[in-house]
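*Asks:* Residue 148 in full-length UniProt numbering is what sits at position 148 of the sequence shown, and the numbering runs on without skipping anything.
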Amino acid sequence: MLPSLDLLPHSVRTAPRDVRTLVSAPSPDAVMVDARSELSEARATCRMLTATGLGVPLIAVVTEAGLVAINADWGVDDVILANAGPAEVEARLRVAVGRLNSATAAAGGLIRGGELTIDPDTYAAKLKGRPLDLTYKEFELLKFLAQHPGRVFTRDQLLREVWGYDYFGGTRTVDVHVRRLRAKLGSEYESMIGTVRQVGYKFVVPSSRQLTDREPELPGALLDSRFPESMTVLR
Numbered sequence: 001m002l003p004s005l006d007l008l009p010h011s012v013r014t015a016p017r018d019v020r021t022l023v024s025a026p027s028p029d030a031v032m033v034d035a036r037s038e039l040s041e042a043r044a045t046c047r048m049l050t051a052t053g054l055g056v057p058l059i060a061v062v063t064e065a066g067l068v069a070i071n072a073d074w075g076v077d078d079v080i081l082a083n084a085g086p087a088e089v090e091a092r093l094r095v096a097v098g099r100l101n102s103a104t105a106a107a108g109g110l111i112r113g114g115e116l117t118i119d120p121d122t123y124a125a126k127l128k129g130r131p132l133d134l135t136y137k138e139f140e141l142l143k144f145l146a147q148h149p150g151r152v153f154t155r156d157q158l159l160r161e162v163w164g165y166d167y168f169g170g171t172r173t174v175d176v177h178v179r180r181l182r183a184k185l186g187s188e189y190e191s192m193i194g195t196v197r198q199v200g201y202k203f204v205v206p207s208s209r210q211l212t213d214r215e216p217e218l219p220g221a222l223l224d225s226r227f228p229e230s231m232t233v234l235r
């Protein structure tokens with residue numbers, strides 16, 4: 001259906017155009033619907049998928065002639081021409097996933113930084129979907145830094161913001177909590193809490209290049225979101 005998919009490092013599963021089959025199957029990172037022909041049936045499939053609360057980007061693959069039939073009533077997140085090249089397909093997938101994740105995070109009050117997701121309402125933090133076992137102060141420190149990516153804070157500032165003005169301990173407390181946080185983030189992500197010598201600490205979001213170097217199967221990230229690793233193609 002989309003030859004460019006064969007040139008991209010994604011796990012692709014082809015399924016019949018059956019909504020019940022898709023809903024009961026493992027959740028993919030994106031769903032593509034073959035709309036090169038039988039546009040009415042493809043439109044009905046897209047509408048049913050949207051009604052189920054799919055939760056992942058829904059993309060219609062069409063011919064150039066079929067573009068005139070696409071409108072908001074389809075409920076799709078994007079449209080890709082069947083002859084689109086690998087670079088365009090990759091970019092559209094990244095943007096679709098990133099847009100959805102950003103909207104979800106904004107609606108739910110989540111804080112995202114690369115592979116890290118923080119939910120202030122439930123005091124939960126996840127890294128690549130894995131829950132982090134954090135103490136209250138470790139969570140508060142990580143949350144505060146993640147809310148201000150790239151901004152450098154002195155130890156005194158962090159004491160005031162996280163521990164409060166009535167805390168009488170020394171700045172060594174900050175160093176201890178940073179060390180524990182880095183250990184829990186693991187060697188792959190400990191650099192997310194960066195040290196600025198003789199100043200303090202800052203939150204560092206890994207760049208797309210760093211993510212690519214570590215995980216070749218995930219070619220990058222856009223808008224602080226995970227690149228689609230798996231997708232389902234409905235034909």
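Glycine included, C-beta positions come from ideal geometry on N, C-alpha and C. All figures in this text were calculated on a predicted structure; none of them were measured in a lab.
Closer than 7 Å by C-beta to V178: which residues in its own chain qualify, once you throw out the five before and the five after it? Chain order, please.
*Replies:* Excluding the 5 residues flanking it on each side, V178 has same chain C-beta neighbours closer than 7 Å at I193 and Y201, in chain order.
*Asks:* Taking the straight line between their C-alpha atoms, what separation do you get for E64 and N83?
*Replies:* 9 Å
*Asks:* Does the region 114-122 come into contact with the region 160-173, if we say contact requires no fewer than three beta-carbon pairs (one atom in each stretch) closer than 8 Å?
*Replies:* Fewer than three beta-carbon pairs drawn from the region 114-122 and the region 160-173 are found closer than 8 Å, and the two stretches are therefore not classed as touching.
*Asks:* Rounded to the nearest angstrom, what separates T195 and G85 at their Cα positions?
*Replies:* 42 Å
*Asks:* List the DSSP bridge partners of R172.
*Replies:* Partner(s): none; R172 has no beta bridge.
*Asks:* Is it right to say T14 is buried, meaning 16 or more other beta carbons lie within 10 angstroms of its own, or is it exposed?
*Replies:* exposed
*Asks:* Closest by CA to G53, which one among P16, V76, K128 and R155?
*Replies:* V76
*Asks:* What is the rounded straight-line gap between the Cα of L5 and the Cα of A60?
*Replies:* 14 Å
*Asks:* Use the C-beta contact count for D213: other C-beta atoms within 10 angstroms, 16 or more gives buried, fewer gives exposed.
*Replies:* Summary for D213: the model assigns pLDDT 41, below 50, so the residue's position carries little reliability; its value from the coordinates is reported in the next sentence. When all chains shown are included, D213 counts as exposed.
*Asks:* Could you give the first and the last residue of the continuous beta strand (DSSP E) run that contains L81?
*Replies:* D78 to L81
*Asks:* From which residue to which residue does the alpha helix (DSSP H) around D156 run?
*Replies:* R155 to L158
*Asks:* With a threshold of 16 other CB atoms inside 10 Å of the CB of E90, please say whether the residue is buried or exposed.
*Replies:* buried
*Asks:* May I ask you to report which of helix, strand or coil DSSP gives Y201?
*Replies:* strand
*Asks:* Between F144 and I111, what straight-line distance do the alpha-carbon atoms span, to the nearest angstrom?
*Replies:* 10 Å
*Asks:* Mind reading off the beta-carbon distance from I80 to R92? Whole number of angstroms is fine, and I expect it under 8 Å.
*Replies:* 6 Å
*Asks:* With a threshold of 16 other CB atoms inside 10 Å of the CB of H148, please say whether the residue is buried or exposed.
*Replies:* exposed
*Asks:* Kindly list the residues whose CB is nearer than 7 Å to the CB of R43, restricted to its own chain and excluding five residues on each side of it in sequence; keep chain order.
*Replies:* W74
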